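K.L.:
When we follow my numbering, the leftmost residue of the sequence shown carries the number 27, and every step to the right adds one. The structure follows.
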Amino acid sequence: MKKLWAGLLVLGLALAGCSDDPADKSDSYTVGVANFLLSGPYFSGMDAAIAAQAKTKGNVKIVSTDAGGDAAKLAANVEDLLSKNVDAIIISGGPLESAPAALNAIKAAGKPVILVDRKFAVGEYTSWIGPDNEAIGKQDGEFLTNKLTAGGKVAIIKGGPADNSIGLARTNGLKSVLSGNSKFTLVEAPDFGNWGSDGGLTVMEGLLAKHPDLVAVFCENDAMCLGAQRAIASAGKANQIVLAGVDGQAEALKAILDGTNYVVTGLNSPNVIGKLALDRTVEVLGGAKVEKDTVVPSPQITKDNAAQYLNT
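Okay, here's the thing in structure tokens:
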């Protein structure tokens, strides 16, 4: 009888070890993060948020890559992550031309793929988490309509490249409001600002040279608008031209709070989306059924409410 009880005790301990040990392979995951571009504050913030959320799990290892803005490199990075036998892949900000190769490779490997921020037009994915970019553009357009009651000429600074679905949605949202208003004239910058402050500054300088009578500038992200703001200030037109952006970048929120000519943006928090992406990935790996597409709310941010979003 003593031997029987001893045997049952050993068996019970063994079973408990199999089910509860956090180091058990069945409960531990390696997640690859394929970033299209980490040089911008938005995408580097997204990457950091994913890594931080993984640490809270205690059983998730992150392997992060940076394609440096090269579509072919993004696809190659996905192949490399698959060769490392990651359990799932998160793709952040990838361009359309890299989608077929990247998504097909992941599908062939039988791995789940979570898209954040940008949704591909082609290819299969497990789940997508991001904002309603067209709605953010509409919000900015409505704000400018109410603020600039006399109308005027509004410039648009795009991030690029030409097929960037995120930027196109934001600009189309703005156009859906302002194009139908005879008081406004829209001017699109001929060059891309490449989603950065320096690019926004350079493009803005060109716009000011050709259109000194601008009353507002819409940028497809805050970083470019912050650069455009510097160019406007250097030209002595800060009292003439207001700026509207997208993302809710901390520097933009501070400019709005300080009462500068930066007047509105729409929240597209990389912290929120990054955390949700990691959680969604772990849920999928655990066998849960999840939403195919999850739209994250993007509230309008002005001087009245910017303070509450500074640490979002």
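All C-beta atoms, glycine included, are put in the ideal place defined by N, C-alpha and C. The model shown is predicted, which means the values in this text are computed figures rather than measured ones.
Counting beta carbon pairs with one atom in the region 297-317 and one in the region 58-76, are three or more of them shorter than 8 angstroms?
P.N.:
Segments in contact, yes.
K.L.:
Could you check whether the Cβ of valine 112 sits closer than 8 angstroms to any Cβ belonging to chain D?
P.N.:
Included in the structure is just one protein chain, with no chain D present.
K.L.:
Say whether the region 209-219 touches the region 178-186, bearing in mind that this needs 3 or more beta-carbon pairs closer than 8 angstroms, one atom from each stretch.
P.N.:
They touch, by the three-pair rule.
K.L.:
Going by CA-CA distance only, name the one from Asp305, Ser202, Val243, Lys201 that's closest to glycine 219.
P.N.:
Among Asp305, Ser202, Val243, Lys201, the Cα nearest to that of glycine 219 is on Val243.
K.L.:
Assuming alanine 114 and valine 310 are in contact, meaning their beta carbons sit under 8 angstroms apart, how far apart are those beta carbons, in whole angstroms?
P.N.:
With a Cβ gap of about 7 angstroms, alanine 114 and valine 310 count as contacting.
K.L.:
Verify whether the separation of the beta carbon atoms of glycine 7 and valine 89 is less than 8 angstroms.
P.N.:
Residue 7 lies beyond the residue range present for the chain, which begins at 27 and ends at 338; the question has no answer from this structure.
K.L.:
Leaving aside the five residues before and after isoleucine 327 along the sequence, list all residues of the same chain whose C-beta is less than 8 angstroms from its C-beta, in chain order.
P.N.:
Closer than 8 angstroms at the Cβ level, and outside the excluded window around isoleucine 327, lie Gly274, Leu279, Ile282, Val290, Thr291, Gly292, Leu293, Tyr335.
K.L.:
Under three-state DSSP, which class holds lysine 51?
P.N.:
Only weak support is given to the placement of lysine 51: the predicted model assigns it a pLDDT of 45, under 50, and the value that follows is read from those uncertain coordinates. In this structure, lysine 51 counts as helix in the three-state DSSP scheme.
K.L.:
Which of the three DSSP states is assigned to phenylalanine 69 in this structure?
P.N.:
Here phenylalanine 69 sits in helix by DSSP.
K.L.:
Leaving out five residues on either side along the sequence, give the residues of the same chain with a beta carbon under 7 angstroms from the beta carbon of alanine 303.
P.N.:
These residues qualify, in order along the chain: Ile76, Ile116, Ile140, Val142, Ile155.
K.L.:
Excluding sequence positions up to five away, which residues of its chain have a Cβ less than 8 angstroms from the Cβ of lysine 87?
P.N.:
Excluding positions up to five away in sequence, the list reads Ser54, Tyr55, Thr56, Val57, Ala80.
K.L.:
DSSP on proline 216, reduced to helix/strand/coil?
P.N.:
Reduced to three states, the DSSP call for proline 216 is coil.
K.L.:
Applying the 10 Å Cβ sphere with the 16-neighbour rule, what's the burial state of lysine 23?
P.N.:
No information on residue 23 is available, as it lies outside the stretch 27 to 338 that the chain covers here.
K.L.:
Report yes if the CB atom of alanine 195 is closer than 8 angstroms to the CB atom of glutamate 168, and no otherwise.
P.N.:
Result no, Cβ atoms of alanine 195 and glutamate 168 do not sit closer than 8 angstroms.
K.L.:
Using the beta-carbon count (16 or more within 10 Å), is proline 238 buried or exposed?
P.N.:
With fewer than 16 Cβ atoms within 10 Å of its Cβ, proline 238 is classed as exposed.
K.L.:
State the Cα-Cα distance for the pair phenylalanine 146 and aspartate 248, rounded to the nearest angstrom.
P.N.:
Distance between the alpha carbons of phenylalanine 146 and aspartate 248 is about 23 angstroms.
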